[in-house]
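K.L.:
Counting from 1, one number per residue, gives the positions in the sequence shown under the working numbering.
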Amino acid sequence: MKSFLSEFISSLTPYTAGEQPQDRRYVKLNTNENPYPPSPGAEEALRSFDGAKLRLYPSPNADALRDAIARAEGVERENVFCGNGSDEVLALCIPAFFDKEGEGAAFADITYSFYPVFCDFFSVPYRIVPLKEDYTMDLAAFSRLRCKGILLTNPNAPTGIGINRDTMDAFIAENPDKLIIADEAYMGFYGESAVPLVKKYSNLLVVKTFSKYYALAGIRCGYAVGNPELIRGLFAAKDCFNSYPVDALCQAVCAAAVSDADYYAAAAEKVKSERTRLRQELVKLGFFVPESAANFLFAGHPKGGEFIYRGLKERGVLVRFWNTDKLKNFCRITVGTPEEDDALLSALREML
Ligand SMILES: *Cc1c(COP(=O)(O)O)cnc(C)c1O
Numbered sequence: 001m002k003s004f005l006s007e008f009i010s011s012l013t014p015y016t017a018g019e020q021p022q023d024r025r026y027v028k029l030n031t032n033e034n035p036y037p038p039s040p041g042a043e044e045a046l047r048s049f050d051g052a053k054l055r056l057y058p059s060p061n062a063d064a065l066r067d068a069i070a071r072a073e074g075v076e077r078e079n080v081f082c083g084n085g086s087d088e089v090l091a092l093c094i095p096a097f098f099d100k101e102g103e104g105a106a107f108a109d110i111t112y113s114f115y116p117v118f119c120d121f122f123s124v125p126y127r128i129v130p131l132k133e134d135y136t137m138d139l140a141a142f143s144r145l146r147c148k149g150i151l152l153t154n155p156n157a158p159t160g161i162g163i164n165r166d167t168m169d170a171f172i173a174e175n176p177d178k179l180i181i182a183d184e185a186y187m188g189f190y191g192e193s194a195v196p197l198v199k200k201y202s203n204l205l206v207v208k209t210f211s212k213y214y215a216l217a218g219i220r221c222g223y224a225v226g227n228p229e230l231i232r233g234l235f236a237a238k239d240c241f242n243s244y245p246v247d248a249l250c251q252a253v254c255a256a257a258v259s260d261a262d263y264y265a266a267a268a269e270k271v272k273s274e275r276t277r278l279r280q281e282l283v284k285l286g287f288f289v290p291e292s293a294a295n296f297l298f299a300g301h302p303k304g305g306e307f308i309y310r311g312l313k314e315r316g317v318l319v320r321f322w323n324t325d326k327l328k329n330f331c332r333i334t335v336g337t338p339e340e341d342d343a344l345l346s347a348l349r350e351m352l
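#1: Could you name the residues of the same chain whose beta carbon sits closer than 6 Å to that of S123, not counting the 5 residues immediately before and after it, in chain order?
#2: In chain order, what residues have a CB nearer than 5 Å to some heavy atom of ligand 3?
#3: Could you give the DSSP three-state label for K313: helix, strand or coil?
#4: Go ahead and label E7 buried or exposed: buried means 16 or more other beta carbons lie within 10 angstroms of its beta carbon, across all protein chains shown.
#5: Quick check for students: name the residue ranges of the beta strand (DSSP E) that lie wholly in the region 105-177, counting only runs of 3 or more.
#6: Just to confirm before moving on: does the CB-CB distance between V198 and V207 stay below 8 Å?
#7: I'd like to check one pair, N164 with E192: are the Cβ atoms closer than 8 Å?
#8: Report the CB separation of S86 from A170 in whole angstroms; it is logged as a contact under 8 Å.
#9: Cutting at 6 Å between CB atoms, please list the residues of its own chain near Y201, excluding the five before and the five after it.
#10: In three-state DSSP terms, what is Y57?
#11: How far does the alpha helix (DSSP H) with R279 in it reach, from first residue to last?
#12: Measuring straight from C-alpha to C-alpha, what distance separates K272 and Y36?
#13: Return the CA-CA distance between D177 and N227, expressed in angstroms with no decimal places.
#14: Terminal residues of the continuous beta strand (DSSP E) containing G222?
#15: V89 lies in the beta strand (DSSP E); which residues open and close that run?
#16: For A299, report the span of its beta strand (DSSP E) as first-last.
#17: What are the boundary residues of the beta strand (DSSP E) that C331 is part of?
#18: For A182 versus A96, is the C-beta distance shorter than 8 Å?
#19: Could you tell me the distance, in whole angstroms, from the CA atom of Y126 to the CA atom of N156?
#20: Once you ignore the five residues that flank P60 on each side, which residues in its own chain have a CB closer than 6 Å to its CB?
Here it is, written out as structure tokens:
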């Protein structure tokens, strides 16, 4: 049978998302979803949404949502771009800011594994900078490297290790000719966002998502905060691809969510105190676990990540495992509710 796929698409290796199995109910600690529900305001926006409005196209640039985000982040509408998940925002960053025959992008060897997929899709070259021995970002190596821009997950995934605002400030200042794209998917669980630096640096773009901190992974929304020129670049890329990426319902729900700061801060506090407890318990069970600034733990064990992953899955607990050289001793475990984490811990006690 003749294949109609392009040679190009056949040559790519797409990103593999964490499992979303439907075969049984798992204690799901594998994709860093928030264990708590969206805010009452977000749920109310959903319930009161007038379905008849779906006849019309949404605001193409999601302006009301941009305004709500701008208020929450302390910036202006012209500093904000919204997309259909931060994955889409990050994808659009590649054609917006990089050329096929240019200096290209750079990112760590152990970081969000979607970045090389985006670069390959847009045929943009990239350089890989290994993490240091202690799993922290090698910022000095990034500073020495020739590249057009750097994708920096902060806190990093899957390590959970964060870079504080002062260190980011110095790093951005040291690299005025490089675009620093800070992927702050988990920043709400750390509190050291680089957004206040956007006014100071025109080479900084901060990307955030509604999926983790805002407990809205199912609605697909993410955004970028940066100087207006960078934001215009993202709009130009969007309008070459999909003029209306953020649907009307999503715009309404997310605008309500960002306005519920107190609710989300309280939920994040619960996650953070549970993170401390879970880490201590894992260490007692013989795991190596770096201090995490995110809503997950990077947990290494002498028996290997695959043993942990498989044993837990048999016992109805899902965590994330990568069968690669550098990650094969580790699992990434999302911090759940105290009950979910107890289920994880008792399964581990049985196995170990
Ligand atoms: C979850 C995640 C994203 C993607 O979030 P969506 O908005 O759901 O697309 C981006 N970057 C990192 C590092 C993530 O972990």
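From the three backbone atoms N, C-alpha and C, an ideal C-beta is built for every residue, glycine too.
P.N.:
Result, derived from the coordinates:
#1: Numbered from 1 along the sequence shown, position 123 holds the residue referred to as residue 123. Within the same chain, S123 has close Cβ partners K100.
#2: Absent from the structure shown: ligand 3. Ligands present: ligand 1.
#3: As a first step, residue 313 is located in the sequence shown; it is residue number 313 there, counting from the start. The answer is helix: DSSP assigns K313 an H, G or I state.
#4: To locate residue 7, count along the sequence shown from 1; it is residue 7. Classification for E7: exposed.
#5: 105-108, 126-129, 149-153
#6: The residue labelled residue 198 in the question sits at position 198 within the sequence shown. The residue labelled residue 207 in the question sits at position 207 within the sequence shown. Contact flag unset, no.
#7: Translated into the one-based positions of the sequence shown, residue 192 becomes position 192. Translated into the one-based positions of the sequence shown, residue 164 becomes position 164. The answer is yes: Cβ separation under 8 Å.
#8: To locate residue 86, count along the sequence shown from 1; it is residue 86. To locate residue 170, count along the sequence shown from 1; it is residue 170. With a Cβ gap of about 25 Å, S86 and A170 do not count as contacting.
#9: Taking the sequence shown and counting its residues from 1, the one referred to as residue 201 is at position 201. So the qualifying residues of the chain are I172.
#10: On the sequence shown, residue 57 is found 57 positions in, with the first residue counted as 1. DSSP places Y57 in coil when its eight states are reduced to three.
#11: As a first step, residue 279 must be located in the sequence shown, where it is residue number 279. Counting along the chain, the alpha helix (DSSP H) containing R279 begins and ends at 261-284.
#12: One-based indexing of the sequence shown puts residue 272 at position 272. One-based indexing of the sequence shown puts residue 36 at position 36. In a straight line, the C-alpha of K272 is about 13 Å away from that of Y36.
#13: The residue labelled residue 177 in the question sits at position 177 within the sequence shown. The residue labelled residue 227 in the question sits at position 227 within the sequence shown. Rounded to whole angstroms, D177 to N227 spans 15 Å at the Cα level.
#14: Here the question's residue 222 lines up with position 222 in the sequence shown. 222-226 is the span of the beta strand (DSSP E), which, as asked, contains G222.
#15: For the purposes of this step, residue 89 is taken as residue 89 along the sequence shown, with counting starting at 1. Run containing V89: none in the beta strand (DSSP E); it sits in the alpha helix (DSSP H), 86-97.
#16: For the purposes of this step, residue 299 is taken as the residue at position 299 of the sequence shown. Run containing A299: 296-300, per the beta strand (DSSP E) assignment.
#17: Looking up residue 331 in the sequence shown gives position 331. Note, C331: beta strand (DSSP E), 330-334.
#18: On the sequence shown, residue 182 is found 182 positions in, with the first residue counted as 1. On the sequence shown, residue 96 is found 96 positions in, with the first residue counted as 1. No, these two residues do not count as a Cβ contact at 8 Å.
#19: For the purposes of this step, residue 126 is taken as the residue at position 126 of the sequence shown. For the purposes of this step, residue 156 is taken as the residue at position 156 of the sequence shown. Using only the alpha carbons, I get a separation of about 18 Å.
#20: As a working note, residue 60 is residue 60 in the sequence shown. Around P60: S243, Y244.
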